[in-house]
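First comes the structure, then the notes that go with it.
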Amino acid sequence: MVEKTPNKLTAGDTALLVLVAFVWGFNFVVIALGLHDFPPLLFTALRFATCALLVFLVPRPQIGWPQLIAVGIALGTLVFAFLFAGIHAGMPAGIASVIMQTQVFFTVLLGMVVLAERPLLTSWLAVIVGGAGIVLLASERMALGGWAAFSMVLAGALSWGAANILIKALPKANMLHLMVWMSLVPPLPLLALSFVIEGQSAIETALWGLSWVGVGAVLYTGLLSTVFAYAVWGSMLQRYQTPIVAPFALLTPVFGLLSAQLVLREHHSSTQTAATILIVLALAINLWGSSLQKYLLAAATRWRCRMLQD
Numbered sequence: 059m060v061e062k063t064p065n066k067l068t069a070g071d072t073a074l075l076v077l078v079a080f081v082w083g084f085n086f087v088v089i090a091l092g093l094h095d096f097p098p099l100l101f102t103a104l105r106f107a108t109c110a111l112l113v114f115l116v117p118r119p120q121i122g123w124p125q126l127i128a129v130g131i132a133l134g135t136l137v138f139a140f141l142f143a144g145i146h147a148g149m150p151a152g153i154a155s156v157i158m159q160t161q162v163f164f165t166v167l168l169g170m171v172v173l174a175e176r177p178l179l180t181s182w183l184a185v186i187v188g189g190a191g192i193v194l195l196a197s198e199r200m201a202l203g204g205w206a207a208f209s210m211v212l213a214g215a216l217s218w219g220a221a222n223i224l225i226k227a228l229p230k231a232n233m234l235h236l237m238v239w240m241s242l243v244p245p246l247p248l249l250a251l252s253f254v255i256e257g258q259s260a261i262e263t264a265l266w267g268l269s270w271v272g273v274g275a276v277l278y279t280g281l282l283s284t285v286f287a288y289a290v291w292g293s294m295l296q297r298y299q300t301p302i303v304a305p306f307a308l309l310t311p312v313f314g315l316l317s318a319q320l321v322l323r324e325h326h327s328s329t330q331t332a333a334t335i336l337i338v339l340a341l342a343i344n345l346w347g348s349s350l351q352k353y354l355l356a357a358a359t360r361w362r363c364r365m366l367q368d
């Protein structure tokens with residue numbers, strides 16, 4: 059007998075999903091705090107080294123090593139190296155939490171090019187609306203001289219989109235298991251890059267001057283935002299239908315912006331606010347667009363039938 063998938067979240071599961079969105083949103087604040095103790099590449103390496111320790115407790119996903127390494131390079135090395143470097147270069151943590159969500163639009167575009175997918179009209183609308191938000195942010199960053207930081211965070215979002223395409227091509231795998239095992243890949247190349255780019259002196263200074271804030275930042279990004287959050291998120295996706303769970307991801311940039319304002323005292327301009335609204339609106343269009351498109355087509359069909367009957 060096939061167990062029926064529940065179509066309504068319990069209060070406890072709703073609270074867990076909100077908590078996951080908060081953990082992911084607050085993660086950007088933690089990154090900004092951790093970058094006071096570590097240079098970005100070293101910080102990223104330590105994050106994944108911490109997560110990789112759990113390979114002794116988590117079974118390996120049923121995929122080959124070449125695929126695991128490819129995901130590790132894209133999702134581990136590139137995404138977070140660019141993100142951490144962008145925040146370190148001056149990108150506000152709250153705005154970074156919004157820009158990173160554009161990975162959804164990059165996934166749509168890369169899926170069309172690489173996997174020959176045919177996006178819905180609403181997906182194209184989402185890309186256009188989200189693109190307008192990115193142009194707004196880019197124009198402001200250029201005016202303020204922050205183009206390099208913006209470009210690095212946007213490169214992180216693009217890398218995330220590429221990682222999503224790689225994951226789509228994999229056999230179905232437990233996301234938590236995949237995140238833990240792919241964490242074996244980033245530490246060594248990131249440490250090597252840190253040694254070459256950031257220098258031995260910066261590494262030694264960071265490690266010898268380690269504070270509790272730095273330790274907490276590594277543990278939070280490695281265990282809470284990766285292991286805990288993906289474990290809960292994956293469990294909810296298995297327990298409920300995707301349209302019930304996915305909307306909670308929209309809370310991530312909201313929590314990111316609010317926590318950055320409260321903890322880091324970030325103040326956002328009217329341009330940043332308008333761009334954020336456009337990007338979140340685009341995410342909502344991409345999320346609910348197919349249902350809306352079906353509803354409108356059905357309504358149009360019913361209207362035509364009534365006109366013909368009259």
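For the sequence shown, position 16 matches number 74 in the numbering used here, and the numbering has no gaps at all.
Ideal Cβ positions, reconstructed from N, Cα and C, are used throughout, including at glycine.
These numbers come from a predicted model, not from an experiment.
Runs of alpha helix (DSSP H) lying entirely within the region 87 to 116, each at least 4 residues, in chain order: 98 to 110
Where Trp123 falls, given that 16 or more other Cβ within 10 Å makes a residue buried: exposed
Exposed unless 16 or more other CB atoms sit within 10 angstroms - verdict on Ser317: buried
Check whether His235 and Val81 have beta carbons under 8 Å apart: no
Per-residue burial, His146 [other beta carbons within 10 Å of its own, 16 or more giving buried]: buried
Rounded distance between the beta-carbons of Cys109 and Ser241, thought under 8 Å: 4 Å
Straight-line gap, Gly219 to Thr102 (C-alpha atoms, nearest Å): 19 Å
Per-residue DSSP class, three states only, for Gly292: helix
Through-space distance from Val211 to Val60, alpha-carbon basis: Note on Val60: pLDDT 45, under 50, position unreliable in the model; the coordinate value appears next. Computed Cα separation, rounded: 44 Å.
Beta-carbon proximity list for Ile223, same chain, < 8 Å, skipping 5 on both sides: Thr165, Leu168, Gly169, Val172, Leu173
Burial state of Pro245 (16 or more Cβ within 10 Å): buried
From Leu100, Ala221, Thr359, Leu178, residue whose alpha carbon lies closest to that of Glu29: There is simply no residue 29 to check, as the chain begins at 59 and stops at 368 in what is shown.
Spatial distance of Ile343 from Ser269 (CA atoms): 43 Å
Unbroken alpha helix (DSSP H) run spanning Ser217, endpoints: 205 to 226
N- and C-terminal bounds of the alpha helix (DSSP H) containing Gln299: Note, Gln299: premise wrong, no alpha helix (DSSP H); not H, not E.
Leu295 versus Val303: straight-line alpha-carbon distance, rounded: 6 Å
Reference Ala154, options Gly189, Ala184, Leu178, Ile89, closest by Cα: Ile89
Reduced DSSP secondary structure (H/G/I, E/B, other) of Thr68: coil
6 Å CB neighbourhood of Leu183 in its chain, flanking five on each side removed: Ile343
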